[in-house]
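Student: Protein chains in written order, with the working numbering: chain A, 1 to 82; chain B, 1001 to 1190.
The structure follows.
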Ligand SMILES: [Zn+2]
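In structure tokens form, the structure reads like this:
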């Protein structure tokens, strides 16, 4: 059976790619017996969901988009240096 | 097929992408704007050297990455170059010799409620900015900028997809712990 360290890596990879059937089964078997690893996977999933949500969240003070003013300024600089 | 450089499209196509990368890496919007601008100007100067072997975006991101490293070095924030796969970045601090968790992490209470709170996002960003440099690069590119595994490996200079998974796992392990101590543990104590 996988230990928790191995499980944590597999849990993380399950967020990036589809695990093989074999890996998936081993992950499930460990999770069924281990509360801490179940919690860990839930929290990783939460973090990924949170980040995805923020990517869409525009027009807050936390806007992850280049502000319009900066955009203007940078375009002017690009034009000047071409 | 030859790859053409087209500065007319740069800002529209890569402005947000580069800005976001710098913003999360540095945690400072004004600085992120400046470095985004510097990146475009440096790219204009170096346009003859663009080989077309990578995409324009990968190339521009590489330039920005160097600008960020220079900045961090000048401001004394970045010390040793951390490759993200060395022992110091490993999971050893989280597990005992048998691979069991060293400490019991607690369940997070109503995490989705946190998403509505601006302070939560500051905590999250802060935790990302304080990851080991290469892990931060990779995490931001994959999770925030949504680039493919292939492009992420190219930009961050990771040799295999397997190494990338290992590094992402280490980044998430650290982020989780940081979020717990900087946000969830505090919220529970209030
Ligand atoms: Zn476990």
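Built from N, CA and C at the ideal position, the CB exists for glycine as well.
Being a predicted model, the structure only gives us computed values, none of them experimental.
Which bits of chain B does residue 77 (chain A) rub up against, with CB to CB less than 8 Å?
Tutor: Residues of chain B passing the Cβ test: 1037, 1040 and 1041.
Student: Is DSSP giving residue 1095 (chain B) helix, strand or coil here?
Tutor: In the structure shown, residue 1095 (chain B) sits in a strand (DSSP, three-state: E or B).
Student: State yes or no: is the C-beta of residue 1099 (chain B) within less than 8 Å of the C-beta of residue 4 (chain A)?
Tutor: Taking 8 Å as the Cβ cut-off, residue 1099 (chain B) and residue 4 (chain A) qualify as a contacting pair.
Student: Going by DSSP, name the residue or residues bridged to residue 1183 (chain B).
Tutor: Partner(s): none; residue 1183 (chain B) has no beta bridge.
Student: With ligand 1 as the reference, list in chain order each residue whose Cβ lies under 6 Å from any of its heavy atoms.
Tutor: With the cut-off at 6 Å, the residues found are A:4, A:7, A:30, A:34, A:36 and A:37.
Student: Regarding residue 1010 (chain B) and ligand 3, is the C-beta to nearest heavy atom distance less than 7 Å?
Tutor: With respect to ligand 3, the structure shown offers nothing to examine, as its ligands consist of ligand 1.
Student: Per DSSP, what are the beta-bridge partners of residue 1101 (chain B) in this structure?
Tutor: B:1095, per the DSSP bridge assignment.
Student: What is the DSSP secondary structure of residue 1145 (chain B), reduced to helix, strand or coil?
Tutor: Looking at residue 1145 (chain B) - three-state DSSP - the assignment turns out to be coil, as it is neither helix nor strand.
Student: If you draw a straight line from the alpha carbon of residue 1150 (chain B) to that of residue 1142 (chain B), how long is it in whole angstroms?
Tutor: Going from the Cα of residue 1150 (chain B) to the Cα of residue 1142 (chain B) covers about 10 Å.
Student: Pick helix, strand or coil for residue 1028 (chain B), following the three-state DSSP scheme.
Tutor: The answer is coil: DSSP assigns residue 1028 (chain B) none of H, G, I, E or B.
Student: For residue 1061 (chain B), count neighbouring C-beta atoms within 10 Å of its own C-beta (all shown protein chains included) and say buried if the count is 16 or more, exposed if not.
Tutor: Answer is buried; the Cβ neighbour count reaches 16.
Student: Beta-carbon separation of residue 1183 (chain B) and residue 1114 (chain B) under 8 Å?
Tutor: Yes.
Student: Note down, in chain order, each residue of its chain lying with its Cβ closer than 7 Å to the Cβ of residue 1124 (chain B), except the 5 sequence neighbours on either side.
Tutor: Contacts found: 1179.
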